[in-house]
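There are 2 protein chains.
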Amino acid sequence: MDESTEYLRAHQEQVAKVKEALPQDEVLYDLAELFKIFGDSTRVKLLYILSLGEMCVYDLAQLLGVTQSAVSHQLRALKASKLVRYRREGKTVFYALADGHVKTIMAQGLEHVEE
Amino acid sequence: MDESTEYLRAHQEQVAKVKEALPQDEVLYDLAELFKIFGDSTRVKLLYILSLGEMCVYDLAQLLGVTQSAVSHQLRALKASKLVRYRREGKTVFYALADGHVKTIMAQGLEHVEE
DNA sequence: TGAACATATGAACATCTGTTCATTCGTTAT
DNA sequence: ATAACGAATGAACAGATGTTCATATGTTCA
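Respectively, the protein sequence lines represent chains A and B. The first sequence begins at 1 in my numbering and counts up one residue at a time. The second sequence begins at 116 in my numbering and counts up one residue at a time.
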């Protein structure tokens, strides 16, 4: 067995081992889908604002300087990813973060960005 | 001052307060740019694999079942975001995670996804 | 009931993104 | 030098994404 063959086998072994350790394809796909949500400045702003407390759609739109419609569409995406929850009070709908993960994820991201 | 005016003022106060607490626009923009990187299944897979140890481009392509070119393009994006580092050994280039943030961010994401 | 208001939704459009293909670059060995 | 190999790059194309506009839903109050 020459050197290159040995080298190739070493590769194949490592590749096989990693393949085993990899989570199911679907899990990593879902993970990417989750991060996709964070990967838009409008949505990140929404999440950041909501990390400070609940707020209604109208105020969110005002703070972000975008259409009410745009905010609504994005909140829909956040809802679908279970990142926010909402409650209705008369004509007004208040949104808030669904759980603590969001804060942690954002905090880690900010640490990386601010280095 | 009637009720609706009071209500409106309450809104404006809260909006103003949150506006103060918000990080600079550019920071949140950069944050979104960072998460955008995680928001693609090919890149997430790359990051996950690299979290297990360094690996060369060829093997990465094989593991992911995509072109060497595609991997190279995506590694470029990861490099630009300072998420990976690399070293050359002869004809081969080995990639590895740049720091620990990636693992933390992914772990938090996985927690959320697997609920 | 109907007017007024807050929010949600659908369609359309321009922009962005990720892949492939072809080619080039960098390195090693003959 | 040149062939062979791994990796990087650029152009191009198909598909996804975010916004706006128009309209619909849901709620309150007169």
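Glycine residues also receive a C-beta, built at the ideal position from the N, C-alpha and C atoms. Computed from a predicted structure; not experimentally measured.
In this structure, does DSSP put residue i in helix, strand or coil?
i      : result
B:A185 : helix
A:A96  : strand
A:E13  : helix
A:E111 : helix
B:E204 : strand
Give the straight-line distance between the Cα atoms of residue i and residue j, rounded to the nearest whole angstrom.
i      : j      : result
A:Q14  : A:M55  : 50 Å
A:L28  : B:D145 : 23 Å
B:G180 : A:V66  : 41 Å
B:Q189 : A:T42  : 24 Å
A:V57  : B:A131 : 15 Å
A:R88  : A:A70  : 19 Å
B:D174 : B:S187 : 12 Å
A:E33  : A:E26  : 10 Å
A:G90  : B:E135 : 28 Å
B:L137 : A:L22  : 38 Å
Who are the near neighbours of residue i in its chain, counting only those whose CB is closer than 7 Å to its CB and skipping five residues on each side?
i      : result
A:D40  : none
B:E229 : none
A:L63  : I49
Between residue i and residue j, how many whole angstroms is the CB-CB distance? I'm expecting something under 8 Å.
i      : j      : result
A:L50  : A:V18  : About 38 Å separates the two Cβ atoms, so there is no contact after all.
B:E226 : A:H11  : The Cβ separation is near 32 Å, so there is no contact.
B:M221 : B:L162 : 7 Å
B:T219 : A:Q108 : 5 Å
Are residue i and residue j close, meaning C-beta to C-beta below 7 Å?
i     : j     : result
A:V44 : A:F35 : no
A:A77 : A:Q68 : no
Here's a check: name, in chain order, each residue in its chain whose Cβ is nearer than 8 Å to the Cβ of residue i, leaving out the five neighbours to either side.
i      : result
B:Y201 : L190, K194, V208, F209, Y210 and A211
In chain order, what residues of the same chain lie with their CB nearer than 6 Å to the CB of residue i, ignoring the 5 residues before and after it?
i     : result
A:K82 : A98
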